[in-house]
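A.B. asks: In our numbering, the protein residues as written are 265 to 587.
For every residue, glycine included, the Cβ atom is placed at its ideal position computed from N, Cα and C.
Since this is a predicted model, take the numbers as computed values, not measurements.
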C-alpha cells in the first residue's frame with residue numbers, strides 16, 4: 265500500500281492520489297497487442313499492491329468499455345482503496361473512429377454508462393476527454409456542473425486543452441480540479457502554455473505519455489522491428505531520423521539510471537512527477553511486471569548532479585516531432 269505521506273492532493277479537493285497513476289488504455293486492446301483479460305486483471309491488482317491508488321480510464325477505452333469493465337472485475341472489492349478517473353465526450357463512430365461529442369446530453373449519458381460499467385455510485389474524477397468544436401465549452405461545462413451537483417462525480421477535469429482561454433471558458437461555469445495533457449522529458453510545450461495557468465489556479469496536472477508511448481522505457485533497440493499492427497508506426501518519433509535521435513537520447517540518460525540501480529523507464533517517470541506543478545503521471549501497463557517497475561519511480565529523488573545531466577541530455581536532443 266502507498267504511504268499516506270506519498271499521496272498528493274487533487275486540486276483543491278479532499279481527494280489524494282499517488283504520484284503514479286495506472287492508465288488503462290492498453291487494456292482496451294485497440295492499439296496494444298497480446299492483451300488478455302487474465303493479464304489485465306492481474307496488472308490492476310498488482311498496481312494497488314505496489315502502492316498505486318489512482319486509476320485512469322475512459323468511455324472509449326475499448327469499443328464497449330472493456331477497460332472500465334475490467335476495472336470493476338479486478339478492483340470492485342477494493343473500491344474504498346482507490347481513486348477512479350474516467351472521461352466522457354469522446355465516442356466511437358460506426359467506422360470505429362473516435363468522434364468528439366461534448367453535447368450536454370452526451371456527457372451525461374457517457375457518465376451514466378461508465379458508472380454502470382465500473383460498478384460504482386460515484387466517479388472520483390471525471391474529465392471532458394477533448395473539446396468539441398461543435399459544442400461551446402460552456403455548454404459542456406454545464407453538464408459537468410450538473411453531474412458534480414448531483415453527486416455522481418466528485419471532481420471535474422479537462423483533457424487535451426491547448427489554450428488558456430479554453431480553461432477560462434470552462435471554469436467560468438464549472439470548477440476544474442485537474443488537467444490531463446501530454447508531457448514528458450521531450451514534449452514540454454505545456455511549461456510555457458497551460459501549466460502556469462493550472463499552477464496559479466490550483467489545478468492538478470496529470471500528464472499522459474510520460475514514456476512517449478513506450479519509447480522512453482528504453483527497451484526498444486535501434487533495430488527493433490515493429491509488428492505491422494502496432495499503431496506506434498504511425499508516429500514520426502518511431503521512424504527514420506527521429507527514431508535514431510531518440511535512441512541517442514536514451515543512450516545518454518541510461519548511465520544515470522544504471523548508476524542508481526534503476527531503469528530508464530523509472531528515470532523518465534520520476535522526472536515527470538518531480539516537475540513543479542505535476543501531481544501524478546499516467547502510466548499504461550498490460551502486465552504486472554510493467555506496473556511494478558513503474559511504481560518504483562515514486563521512491564526516487566534525483567540529486568542535483570543527476571538533474572543537471574538529464575537537463576543537458578534533453579537540450580542536446582532538441583525538439584521532437586511527435587505527431
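(1) What residues in its chain sit with their C-beta under 6 Å from that of residue 502, if we drop five residues either side in the sequence?
(2) From residue 546 to residue 507, what distance separates their C-alpha atoms?
(3) Could you pull the DSSP bridge partners for residue 446 from this structure?
(4) Could you check where the beta strand (DSSP E) with residue 461 kicks off and where it finishes?
(5) I'd like the ranges of any alpha helix (DSSP H) spanning at least 4 consecutive residues and lying wholly in the region 343 to 430.
(6) Could you have a look at residue 546 and say whether DSSP puts it in helix, strand or coil?
(7) Closest by CA to residue 419, which one among 425, 368 and 411?
(8) Between which two residues does the beta strand (DSSP E) holding residue 318 run?
(9) Out of 563, 536 and 331, which has the shortest C-alpha to C-alpha gap to residue 450?
(10) Cβ atoms of residue 430 and residue 401: under 8 Å apart, would you say?
(11) Which value, in whole angstroms, describes the spacing of the CA atoms of residue 334 and residue 577?
(12) Please identify the residue among 522, 476 and 442 whose C-alpha is closest to the C-alpha of residue 663.
(13) Out of 435, 296, 330 and 290, which one is the CA nearest neighbour of residue 493?
(14) Within 8 Å (strictly less), CB to CB, does residue 534 reach chain C?
(15) Are the Cβ atoms of residue 544 and residue 312 separated by less than 8 Å?
(16) What residues in its chain sit with their C-beta under 7 Å from that of residue 337, if we drop five residues either side in the sequence?
(17) State yes or no: is the C-beta of residue 404 within less than 8 Å of the C-beta of residue 371?
(18) Looking only at C-alpha atoms, which of 408, 356, 331 and 385 sits nearest to residue 367?
(19) Going straight from the alpha carbon of residue 437 to that of residue 406, what length do you get?
(20) According to DSSP, what are the bridge partners of residue 285?
(21) State yes or no: is the C-beta of residue 480 within less than 8 Å of the C-beta of residue 559?
(22) Pairing CB atoms from the region 460 to 473 with CB atoms from the region 375 to 382, are three or more of them under 8 Å?
(23) Would a C-beta distance cut-off of 8 Å place residue 474 and residue 533 closer than the cut-off?
(24) Might you give, ordered along the chain, the residues of its own chain that have their beta carbon closer than 7 Å to the beta carbon of residue 520, omitting 5 neighbours on each side?
(25) In the DSSP output, what is residue 273 paired with across the bridge?
(26) Under a three-way DSSP split, which group does residue 478 fall into?
(27) Since residue 428 and residue 461 should fall inside the 8 Å C-beta cutoff, what is the C-beta to C-beta distance between them, to a whole number of angstroms?
(28) CB residue 556 to CB residue 314, shorter than 8 Å?
(29) Cα separation between residue 330 and residue 542?
(30) DSSP three-state label for residue 494, please.
C.D. replies: Result, derived from the coordinates:
(1) When the five nearest sequence neighbours on each side are left out, the beta carbons in the same chain lying within less than 6 Å of the beta carbon of residue 502 are those of 496, in order along the chain.
(2) Using only the alpha carbons, I get a separation of about 23 Å.
(3) Within the DSSP bridge table, the entry for residue 446 names 472 as partners.
(4) Careful: residue 461 lies outside any beta strand (DSSP E), inside the alpha helix (DSSP H) at 459 to 464.
(5) 368 to 382 and 401 to 413, all fully within the region 343 to 430.
(6) Three-state DSSP puts residue 546 in a strand.
(7) It is 411 whose Cα lies nearest to the Cα of residue 419.
(8) For residue 318, the uninterrupted beta strand (DSSP E) segment begins and ends at 318 to 320.
(9) Answer by Cα proximity: 536.
(10) In contact: residue 401 and residue 430 (Cβ atoms closer than 8 Å).
(11) Rounded to whole angstroms, residue 334 to residue 577 spans 39 Å at the Cα level.
(12) Within the shown structure, residues of the chain are numbered from 265 to 587, placing residue 663 beyond reach of any answer.
(13) With respect to the C-alpha of residue 493, the residue from 435, 296, 330 and 290 having the closest C-alpha is 296.
(14) Included in the structure is just one protein chain, with no chain C present.
(15) In terms of Cβ geometry, residue 544 and residue 312 do not form a close pair [threshold 8 Å].
(16) Its chain contains 305 as the residues whose beta carbon lies nearer than 7 Å to that of residue 337, once the 5 sequence neighbours on both sides are disregarded; these appear in chain order.
(17) Yes, they are a contact pair.
(18) Comparing Cα-Cα distances from residue 367 to each of 408, 356, 331 and 385, the minimum goes to 408.
(19) Taking the straight line joining both Cα atoms gives about 6 Å.
(20) Answer is 318 and 546, bridged to residue 285.
(21) Against a cut-off of 8 Å, the Cβ pair of residue 559 and residue 480 comes out as no contact.
(22) Because the criterion of three Cβ pairs below 8 Å is not met, the region 460 to 473 and the region 375 to 382 do not touch.
(23) Result yes, Cβ atoms of residue 474 and residue 533 sit closer than 8 Å.
(24) Within the same chain, residue 520 has close Cβ partners 531, 570, 573 and 574.
(25) DSSP, once it has assigned bridges, lists 280 as partnering residue 273.
(26) The answer is coil: DSSP assigns residue 478 none of H, G, I, E or B.
(27) Your pair residue 428 and residue 461 checks out as a contact, with CB atoms roughly 5 Å apart and the cut at 8 Å.
(28) Against a cut-off of 8 Å, the Cβ pair of residue 314 and residue 556 comes out as a contact.
(29) Rounded to the nearest angstrom, the two C-alpha atoms are 28 Å apart.
(30) Here DSSP, grouped into helix, strand and coil, assigns residue 494 to coil.
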